[in-house]
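Worksheet: one structure, shown below.
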Amino acid sequence: MRPDLCLRNAGRHYGLRGPWVLRGVDLAVAPGRLVRIEGANGGGKSTLLRLLAGNRRPQ
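Residue numbers (full-length UniProt numbering): 1 to 59.
Listed below in structure tokens is the structure:
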């Protein structure tokens, strides 16, 4: 079955030379599946959701 949401080797960093928030992320979510995203403050949860929503582009 083809995933509804998919990221392959995605990453995002702060600013032009800032630290990586996400790096080398692979994620595939099948239709009808629930996924929980959890982690520490500043761990990239919101950035991951922005990438999945298309509000940000991987770098």
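Quick reminder that beta carbons are idealized off the backbone N, C-alpha and C, glycines included.
Of the residues the options, the one placed nearest residue i, counting alpha carbons only
i	options	result
A10	L22, V29 and E38	L22
L52	G42, N41 and I37	I37
C6	N41, R17 and G24	G24
Three-state class that DSSP yields for residue i in the structure shown
i	result
L34	coil
Enclosing beta strand (DSSP E) for residue i [first to last residue]
i	result
A10	L5 to H13
Which residues DSSP lists as bridging residue i, in chain order
i	result
L27	L7
L22	R12
Limits of the unbroken alpha helix (DSSP H) element including residue i
i	result
A53	K45 to A53
CA-to-CA distance, residue j to residue i, given in whole angstroms
i	j	result
R12	N55	12 Å
L48	L34	15 Å
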